[in-house]
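Numbering (the working numbering), first residue to last: 482 to 911. Built from N, CA and C at the ideal position, the CB exists for glycine as well. Here the structure is a predicted model, which is why all the values come from computation and not from measurement.
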Amino acid sequence: MPIWRPGRYQVQNFAKNIPEIKSFQGDQQLSIDKIESSVWGLNCTEIAPIKLEYTYFAVQRDAGGSAANADMLYINFVNCLVCPQGFENQACEVRINFPGQWQFATSLTFKNDVFQARTYRELVDSPFLAAAEIFSHSWKEAGAQFFIQGIGPSTVFSDLLIDAYQKIVAYQCAWMGALPVKRYHFLHWICPEPFYHGVEHTKSTMMVMGPEDRACYDDLIGLASHEFFHVWNIATIRPKPLLPYRYGEITYFETAWIVEGVTTYLGDWFLKASGVIHEEEYLNLLLGNLKLHFDRDRYSAQSLTQSSMDLWLDGYGPSTPGKRVSIYFKGAIVALGLDLLIQQKFGGAKSIREVMQQMNARFGNLKKGYEQTDFFRIAEEVYEAPLTEFWNVWVLGSADLLDPLAAILRNSGLNLSEDPTVGLQLNKIS
């Protein structure tokens, strides 16, 4: 059974949610023993089909968990489905028992009363929702079928939200130039309590959000934009150490800041570029992200590369004070700085877009995995000059970036300043 799930690079040991497991060949019960924390061994006397029976404790309400109650069934198969070692690329069929009148939402193929996946890898990359009523809206864009589906108050899935998603999708597909999937599902669980979480998948994203209010709309469009760009940036353009995913072991990689930082920057920028939000709203989002770095991690000891490597150690919650930086927010600052440097040199004719398009051309569709040096090299090809000092200071070093960032922003007509009373401020230069 997996010990972690893609999208969260932290050991979670899902096997802890299995109180009992049994194995059978025909009517004969086999002995089954725990070998490692998430690995079991069977004593088989013949080559014949094996049946496992086990209970999974599903009460994790977030975008990467599984939960079940009388009103809904929500499964991330990576949490709860075992796989024989070495069979990750074998086709899978899943039968799920739920009330016949319920509706379901998933990117899996449904045929002959079973859900089908070409491989175990595809299966555990495909979350599943079922409930008495699921909102569903679909449209076509870039040769693909898109779905907005979810459980929760129907008022959340307003025409305004649908229009925003359609604009985001259309802009990102045109910006990257090619969409690697033919179907994509925006899956939602809208809950009454405050919540904010999303997880990317190749053919879908799962988002858990609440409560239903105006902030829910604002959060959803930002999260949807972020998670959808992961269709390229991790789902199909993947760091070399993660290709393929090895669900049973920790896999360290130094490019987590590219995966999440570039996506954080572009996810917000796409909202403005697609016309979903105005420039003033975007600048407020940008300032919020800058504050999350400079107010919290400005003087942290680690570089982005080091914090990427230590993500498996430090997790996503509080860590040793003064140690790490956020791969999301400092990574977004690096993406912002790189984007503006390129735009300024070429008068807007080139940008980080060309970098990501080249990443897609060379590494997309999981052709092969990339390393940090590949990203550096492609960015320098687009910039048409070495960026050694930029990498050394912004990515490989731990120096305070406020002054160098302010200088780059100033050249793009933005004033980043620090007031002792109100903190960071970001304004257009009139």
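Which listed residue (the options) has its alpha carbon closest to that of residue i
i, options, result
"ARG602", "SER800, GLU517, GLU569 and HIS707", "GLU569"
"PHE505", "TYR535, PHE495 and ALA496", "TYR535"
"PHE857", "ARG891, GLY845 and LEU819", "LEU819"
"GLN491", "ILE731, TRP521, ALA659 and GLY631", "ILE731"
"GLU501", "PHE538, GLU517, CYS525 and ARG486", "PHE538"
"HIS666", "PHE495, GLY796, THR587 and ASP514", "THR587"
"ILE484", "CYS525, ILE528 and CYS564", "CYS564"
"TRP916", "HIS707, GLY522 and PRO725", "Because residue 916 is not part of the residues shown, which for the chain are 482 to 911, the question remains open."
"GLN552", "GLY522, LYS532 and ILE615", "It is Asp, not Gln, that sits at residue 552 in the sequence shown. Taking only the C-alpha atoms, the option nearest ASP552 is ILE615."
"HIS966", "ASP791, GLU762, LEU752 and TYR746", "There is simply no residue 966 to check, as the chain begins at 482 and stops at 911 in what is shown."
"GLU527", "ASP700, GLN510, ALA625 and CYS561", "GLN510"
"VAL903", "GLU862, LEU794, GLY769 and ASP884", "GLY769"
beta-carbon residue i near the ligand ATP non-hydrogen atom, thresh 7 Å
i, result
"ASP820", "The model on display carries no ligand, and the ligand ATP is accordingly not part of it."
For residue i, the three-state DSSP class (helix, strand or coil)
i, result
"SER879", "coil"
"LEU604", "helix"
"PHE495", "helix"
"GLN510", "strand"
"LEU660", "coil"
"HIS707", "helix"
"VAL743", "helix"
"LEU562", "coil"
"PRO720", "strand"
"LYS621", "strand"
"ARG727", "coil"
"GLN584", "strand"
"GLN906", "strand"
"ASP749", "helix"
"LYS503", "strand"
Straight-line Cα distance separating residue j from residue i
i, j, result
"LEU764", "VAL662", "32 Å"
"GLY829", "ILE823", "8 Å"
"ALA888", "ARG777", "21 Å"
"THR744", "ALA813", "7 Å"
"PRO634", "ALA696", "15 Å"
"VAL605", "GLY691", "25 Å"
"THR801", "SER879", "16 Å"
"LEU507", "ALA613", "Looking at the sequence itself, residue 507 is Gly, so the reference to Leu does not match. Going by the C-alpha atoms only, they are around 36 Å apart."
"ARG576", "VAL595", "5 Å"
"MET837", "MET657", "7 Å"
"LYS592", "ASP855", "41 Å"
"ASP881", "ARG805", "13 Å"
"GLU517", "SER789", "27 Å"
"CYS573", "ASP514", "24 Å"
Are the segment 536-547 and the segment 673-682 in contact at 8 Å, needing three or more beta carbon pairs? yes
If we count Cβ pairs, one from each stretch, closer than 8 Å, do we get three or more for the segment 843-852 versus the segment 780-789? no
Taking only runs that begin and end inside the segment 780-866, name each unbroken alpha helix (DSSP H) of 4 or more residues, in chain order. The qualifying runs are 785-790, 792-795, 810-826, 833-844 and 853-864.
For the segment 635-651 and the segment 755-762, state whether three or more C-beta atom pairs, one from each stretch, are separated by less than 8 Å. yes
Taking three-plus beta-carbon pairs below 8 Å as touching, is the segment 683-690 in contact with the segment 722-739? no
Stretch pair the segment 548-558 + the segment 709-729: three plus CB contacts closer than 8 Å: No: fewer than three Cβ pairs fall under 8 Å.
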